[in-house]
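Participant: One structure, as structure tokens, below. Some questions next.
2 protein chains.
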Amino acid sequence: MSSQNSARLLAESLRRATGDSNPALISSVIPSLLRGIGHTAAALRMAHSVETAGSQNVFGDAQLNVDVLAERFFRDELAACPAVVAASSEEDPVEVSTQSSGVVKAEEAAEAETYVVAFDPLDGSSIIGPNWTVGSILGVWEGRSALRQHPRKQLAAVLGVYGPRTTAVIAVRVPGREDAAVCVEVGVADAAGSCEIIRSDVRFAAEPKTRYFAPANLRAASEEPRYMGLVTQYIARRYTLRYSGGLVPDVVHALVKGHGVYLSPVTARSKAKLRRAFELLPVALVVECAGGQAIDPVDGRRILETPLENLDETAGLICGATEDVELARAALVG
Amino acid sequence: MSSQNSARLLAESLRRATGDSNPALISSVIPSLLRGIGHTAAALRMAHSVETAGSQNVFGDAQLNVDVLAERFFRDELAACPAVVAASSEEDPVEVSTQSSGVVKAEEAAEAETYVVAFDPLDGSSIIGPNWTVGSILGVWEGRSALRQHPRKQLAAVLGVYGPRTTAVIAVRVPGREDAAVCVEVGVADAAGSCEIIRSDVRFAAEPKTRYFAPANLRAASEEPRYMGLVTQYIARRYTLRYSGGLVPDVVHALVKGHGVYLSPVTARSKAKLRRAFELLPVALVVECAGGQAIDPVDGRRILETPLENLDETAGLICGATEDVELARAALVG
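Going down the list, the protein sequences come from chains A and B. The opening residue of the first sequence carries number 1 in our numbering; numbering runs sequentially from there. The opening residue of the second sequence carries number 335 in our numbering; numbering runs sequentially from there.
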């Protein structure tokens, strides 16, 4: 399938599900993110000298850190995208204008559609060395800032997955209608971002054949009997363990399998460590668009309920299939 | 670096460590396996329609199953390799002659060096769908059969790792000298099998910064209190959990990090499920060449001590850093 054809099919599929309310989001912003994912995949594929010195990312003299490269690929794509007026990232957590010479931004042109993007260019640095799947996390917010907005202003989120293949999970929802949403999995063929649809409706199954759990920071179970009790319950009920330690692969595993629960609890000794802007809010949007839930393990509130006050905020996470989020809520929250 | 140069450097490195006793193994057999890994990586990268129907590998009309493709790539490479006289695989567990028209095999030519290869072309089928790292496992035996030989006849093993990059861990030992061995990690650049050395001496660290555990078949802990007790001990001692469910990524994680223990216990309800010929014996050789241990969780014997009587044999596994294999042995064996 040609690259133009596949991009058109994806745009049609997203438009069918969400209507024509946000044409630039579908036809320009999401394709630019897929190109960033394609470029990052190509850079990772060549980055054999990653982490040769142990736990730190150390590159050879002539090589750049892949985190830095990924950051640059996404920044360059966003700068060339007229509707995107600002971006912030985990590597540079300030909202910076994406003005670039030659691109007339929607802000200047006074067009209706403007977006800001908050992203984690490369999540999972601890597992790059052993060559495990890692990912990118990107959230797209309507307006001129992600700060002090209701999270329903986050209209789209994309998870890039760098494994044996390059894939992406794209979630889009209709502004003002929390019930109208779509979640699609695509294969990204190359750095030009051309892609094919793998699953047009990513969705948690009502009656899964196998139940999965992914317990982050399992060490915390030694000091938190409720976490230990929940894990023991999963073992007794013969859930299957899958835990890579990368937020993107762990969440995408659940989405593709149609079942799974991801737990990152917060205890006195284990602080909240997931960034709300760059990790939690985009992941929560994807999970909700696939029919699941994403809640805060401290107060049990929806992740997508609390506005961002600053870009450094962190929290824990319980997300996945609804039934299992409720089981974990009953065990951990309160 | 040119492909010829990098192949020459790898061969020199392996020869330096193991001497000149097996020239065809170093200059011909191992390069043919690396080409098979390169071809498999390229096929996986394009296989976006994997598992679209759920838990089974279902490919589009025009596509072949990647397991079948990988099997064919390795068979073709081995057929073209004069020193390899037979091969068996997890997909076709019979030792079949690798005769092919036009290639004069060592057997016919009455040369000194002959090998058989036992391999699992693509291990980890359950995690191909979610795009997690998977692998190939290959063991190279001196002689004309892997059956009814002492496992010290297995002179080399290669683990191919298909993730964001393509890498391989290569272990070779000197015949008759169990103390002389080398374990190298390489990056595989392309389908031609050209590669660069990432780590020239893969080795478990004496004093790791972080300790890892990978508990396979954790469900079995619900019926086996000793397994549950060991897992609880890891949690209490603040080990880090990393468990992908793929034998290759799980073992390679430990090798690259310099620490880790992989557990696949056998209980009344959970039968032994790892194949000795295609999984356990090659993995055990790699782990031992990196200074670790690999033992049977039932009787505590070295995996590399018991000859293969047939190609269908299965067993459990405890492998990894010596100190942690001993801890697990004390908890589980007997």
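Idealized CB from N, CA, C, for every residue including glycine. Remember, predicted model here, so these are calculated numbers, not experimental data.
1. Rank Ser-194(A), Lys-153(A) and Trp-132(A) by C-alpha distance to the C-alpha of Thr-306(A) and give the top, closest one.
2. Let me make sure I understand the geometry here. Which of Leu-615(B), Phe-547(B) and Leu-456(B) has the alpha-carbon closest to that of Leu-661(B)?
3. Mind pulling the chain A residues with CB within less than 9 Å of Gly-650(B)?
4. Ser-32(A) lies in the alpha helix (DSSP H); which residues open and close that run?
5. Under 7 Å Cβ-Cβ, which residues of chain A neighbour Ser-431(B)?
6. Counting only Cβ pairs nearer than 7 Å, list the residues of chain A close to Asn-399(B).
7. For the pair the segment 218-232 of chain A and the segment 274-283 of chain A, tell me if three or more CB-CB distances fall below 8 Å.
8. Helix, strand or coil, according to DSSP, for Glu-196(A) in the structure here?
9. Comparing alpha-carbon positions, which option in Ile-30(A), Lys-271(A) and Tyr-243(A) lies nearest Glu-223(A)?
10. Threshold first: 4 residues or longer. Then list the alpha helix (DSSP H) segments lying entirely within the segment 226-267 of chain A, N to C.
11. If you reduce the DSSP assignment to three classes, tell me which class Ser-125(A) lands in.
12. Closest by CA to Val-468(B), which one among Val-585(B), Ser-528(B), Phe-538(B) and Thr-656(B)?
13. Touch check for the segment 199-209 of chain A and the segment 313-330 of chain A: three-plus C-beta pairs under 8 Å?
14. Excluding five sequence neighbours on each side, which residues of the same chain lie with their C-beta closer than 8 Å to the C-beta of Arg-603(B)?
15. Determine the chain B residues that contact Ala-328(A) at a beta-carbon separation under 9 Å, and present them in chain order.
16. Can you give me, in chain order, the residues of the segment 497-523 of chain B that have a beta carbon less than 7 Å from any beta carbon in chain A?
17. Using 8 Å as the Cβ pair cut-off and three pairs as the minimum, do the segment 341-352 of chain B and the segment 469-476 of chain B touch?
18. Examine chain A for any beta-carbon lying closer than 7 Å to the beta-carbon of Ala-396(B), and answer yes or no.
19. Can you list the residues of chain B that Val-161(A) reaches, using a CB-CB cut of under 7 Å?
20. Do Glu-429(B) and Ser-422(B) come within 7 Å of each other at the CB atom, strictly closer than that value?
21. Please state whether the Cβ-Cβ distance between Glu-519(B) and Arg-533(B) is less than 7 Å.
22. Which partner residues does Ile-652(B) have in the DSSP bridge list?
23. Is DSSP giving Phe-74(A) helix, strand or coil here?
24. How would you call Ala-62(A), buried or exposed, if buried means at least 16 neighbouring beta carbons within 10 angstroms?
25. Note down, in chain order, each residue of its chain lying with its Cβ closer than 6 Å to the Cβ of Ser-6(A), except the 5 sequence neighbours on either side.
26. Pick out the complete beta strand (DSSP E) segments inside the segment 138-211 of chain A, 3 residues or longer, and give them in chain order.
27. Give me, in chain order, the residues of the same chain whose beta-carbon lies closer than 6 Å to that of Leu-311(A); leave out the 5 immediate sequence neighbours on both sides.
28. Any idea what DSSP makes of Ala-420(B), helix, strand or coil?
29. Please classify Ala-112(A): does DSSP put it in a helix, a strand, or coil?
Facilitator: With the given structure in hand:
1. Per the Cα distances, Lys-153(A).
2. The shortest C-alpha separation from Leu-661(B) is found at Phe-547(B).
3. What Gly-650(B) touches in chain A: nothing, since even the nearest Cβ is about 16 Å away.
4. For Ser-32(A), the uninterrupted alpha helix (DSSP H) segment begins and ends at 30-46.
5. Under a criterion of Cβ atoms nearer than 7 Å, no residue of chain A is adjacent to Ser-431(B); the nearest Cβ is some 31 Å distant.
6. Chain A residues near Asn-399(B): none, gap ~14 Å exceeds 7 Å.
7. By the Cβ rule, the segment 218-232 of chain A does not count as touching the segment 274-283 of chain A, because fewer than three pairs are nearer than 8 Å.
8. The answer is strand: DSSP assigns Glu-196(A) an E or B state.
9. Shortest Cα-Cα distance from Glu-223(A) to any of Ile-30(A), Lys-271(A) and Tyr-243(A) involves Lys-271(A).
10. Listed in chain order, the complete alpha helix (DSSP H) runs (minimum 4 residues) inside the segment 226-267 of chain A are 247-257.
11. Looking at Ser-125(A) - three-state DSSP - the assignment turns out to be helix.
12. Val-468(B) has its Cα closest to that of Val-585(B), out of Val-585(B), Ser-528(B), Phe-538(B) and Thr-656(B).
13. When Cβ pairs closer than 8 Å are counted between the two stretches, the segment 199-209 of chain A is seen to touch the segment 313-330 of chain A, the count reaching three or more.
14. Ala-554 and Glu-557, listed in sequence order.
15. Listed by position along chain B, the residues whose Cβ is nearer than 9 Å to that of Ala-328(A) form an empty set, because the closest Cβ is around 17 Å away.
16. Those would be Gly-497, Pro-498, Arg-499, Thr-501 and Gly-521, in chain order.
17. Counting Cβ pairs under 8 Å, fewer than three are found: no touch.
18. With a pLDDT of 33 at Ala-396(B), under the threshold of 50, the predicted position of this residue should be treated as unreliable, and no value is reported.
19. Within chain B, the residues near Val-161(A) are Asn-465.
20. Yes, the pair counts as a contact, with Cβ atoms nearer than the cut-off.
21. It is a contact, given that the beta carbons lie within the stated cut-off.
22. Note: Ile-652(B) sits in a beta bridge opposite Leu-597(B) and Ile-629(B).
23. Looking at Phe-74(A) - three-state DSSP - the assignment turns out to be helix.
24. Low confidence applies here, because Ala-62(A) scores a pLDDT of 33, under 50, leaving its location unreliable; read the following figure in that light. Result: exposed.
25. Here Ser-6(A) has Ser-194, Cys-195 and Glu-196 as same chain residues with Cβ atoms under 6 Å from its own Cβ, once five neighbours each way along the sequence are excluded.
26. Counting only runs of 3 or more, we get 154-162, 166-174, 177-188 and 195-199.
27. So the list reads Ser-88, Pro-93 and Ala-277, once near-sequence residues are dropped.
28. Strand.
29. In the structure shown, Ala-112(A) sits in coil (DSSP, three-state: anything other than H, G, I, E or B).
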